[in-house]
Ligand SMILES: Cc1cc2nc3c(=O)[nH]c(=O)nc-3n(C[C@H](O)[C@H](O)[C@H](O)COP(=O)(O)OP(=O)(O)OC[C@H]3O[C@@H](n4cnc5c(N)ncnc54)[C@H](O)[C@@H]3O)c2cc1C
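In our numbering, the protein residues as written are 2 to 477.
Here it is as structure tokens:
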């Protein structure tokens, strides 16, 4: 089948999915007014694959039909870079503002397929399932999301020790056709607009938590699966008034499984703690690379915006402002270098340890810091400018338009342009949409403290400590 058009994608969402928003069960997610902005963006991303087919697709090994490059199992560094370029084009198209660009989960299931042998080491069915599922998503151009984290409830306890062991998604029983699961998972960005939901390893499991050690995927319209969404942030304001949230509000939902049947052919890990906790080490990390590429584009956007704001209020020549702006440029450049180092790991058979470390460190440690720094810089440079931003309707009112044009002008820019810049800034760093973006960037790859502590256990620490010992012993 190959890549779909935007209208085919929209049509595919008219199914039996159960989605609640603001107290209401939606009968058709495609007609709900607050979803129109993001649906138009998603549809245009599907059309983009047709418009830029040479850069964004490759021929499917199944039938030669063009399929998205984010599904490519790369056989060389050049092919990894081809993947990355396609992901960059699509991240640029959405200004890095969609953490759950469909490309991310495409990369995720491609990682899964590369790890098929590892997944199938005890039961080959699971490895075969991972490959078949990746082929199906690729050739049908399905839109996926994932939900990995357990609901918070009481974090001092594991999932089996909660007041009710069925709060976190787990096995209820097996049947001939599959496994029945019950419980919840948090969060699922993009869920109302996805065709498929993937669940897999994230929080490590301990012995006794076998029923929680699962990986599987289901159509979003599966019986018993329900999504309860957060309040949408797109309130139908114009693109002038809400330049980002009017187009890129991806939505988030809690996924609830009320005794849902997962067919055996959709299961990738089943009650296996060792495989659950280690499967990600056996992947090339395509999903991490996509996430870094997307994040780097957003850093460029925020950096560019910070420069525009400094220019628009006549502050660009001040040394301390140049230092703040220069730091953002340096951070963005560092991220690009790390992405290319990570690409080498994805291209190698062994997934070289040094590059794996740089890839994980870039995503889990540097990216959240750089995003937060860019947001802080935009806020600091803006002053009150981000608050005093009259609406498009104010500029259209002849009684006050003259005053606005006169008193809100900037250095060499019209009042309207200056206000537009500050509106974008506030949408990205201050409004509901911007605050959610900040929260997302902080937790995108998991909790940053937990992630830092992972490096505490790195084998290289022994080498670093040995240097100290050698120096103290007067060696070298
Ligand atoms: C906007 C947004 C969108 C998201 N979208 C998705 C998605 O599409 N799919 C998905 O799977 N997930 C998604 N997530 C969830 C994300 O993976 C989690 O937020 C992240 O893994 C952190 O988990 P948590 O939110 O449960 O916070 P917690 O892990 O509960 O962290 C809360 C606090 O506890 C602290 N803490 C953590 N561990 C310990 C410890 N051992 N001891 C003491 N303190 C500790 C943390 O530092 C933090 O301060 C999304 C999150 C956000 C904010």
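Every residue gets a Cβ at the ideal spot worked out from N, C-alpha and C, and that includes glycine.
List the residues that DSSP assigns as beta-bridge partners of residue i.
i	result
residue 219	198
residue 26	21
residue 227	19 and 257
residue 69	58
residue 270	216
residue 264	179
residue 150	187
Following the continuous beta strand (DSSP E) through residue i, name the residue where it begins and the one where it ends.
i	result
residue 175	171-175
residue 276	Unbroken run through residue 276 is the alpha helix (DSSP H), 274-279; no beta strand (DSSP E).
residue 185	179-190
residue 14	Residue 14 -> no beta strand (DSSP E), and no H or E assigned at all.
residue 147	145-147
Can you have a look at residue i and say buried or exposed, based on whether 16 or more other CB atoms are within 10 angstroms of its CB?
i	result
residue 30	buried
residue 315	exposed
residue 331	exposed
residue 453	exposed
residue 71	buried
residue 43	buried
residue 299	buried
residue 95	buried
residue 461	exposed
residue 455	exposed
residue 322	buried
Measuring straight from C-alpha to C-alpha, what distance separates residue i and residue j?
i	j	result
residue 319	residue 425	23 Å
residue 327	residue 377	14 Å
residue 13	residue 406	46 Å
residue 483	residue 187	Any answer about residue 483 is impossible in this case: the structure gives the chain only from 2 up to 477.
residue 283	residue 276	10 Å
residue 251	residue 334	27 Å
residue 375	residue 304	7 Å
residue 152	residue 457	26 Å
residue 146	residue 238	27 Å
residue 259	residue 172	11 Å
residue 385	residue 403	21 Å
residue 229	residue 411	44 Å
residue 39	residue 93	16 Å
residue 210	residue 184	14 Å
residue 478	residue 77	The structure shown does not extend to residue 478, since the chain spans only 2 to 477, so no value can be given for it.
residue 48	residue 408	42 Å
residue 110	residue 429	30 Å
Which residue wins for smallest C-alpha separation from residue i, given the options the options?
i	options	result
residue 156	448, 464, 456 and 460	448
residue 423	138, 381 and 398	381
residue 129	173, 385, 84 and 217	217
residue 233	242, 190, 273 and 213	190
residue 359	239, 70 and 339	339
residue 41	7, 19 and 50	7
residue 442	476, 363 and 84	363
residue 394	211, 270 and 243	243
residue 247	36, 469 and 468	36
residue 245	98, 222, 301 and 102	98
residue 159	174, 205 and 135	205
residue 106	119, 45, 18 and 135	135
residue 82	397, 302, 342 and 9	342
Going by DSSP, what residue range makes up the alpha helix (DSSP H) through residue i?
i	result
residue 104	103-115
residue 295	287-313
residue 139	125-141
residue 466	461-473
Spell out whether any CB of chain D is found under 8 Å from the CB atom of residue i.
i	result
residue 236	Included in the structure is just one protein chain, with no chain D present.
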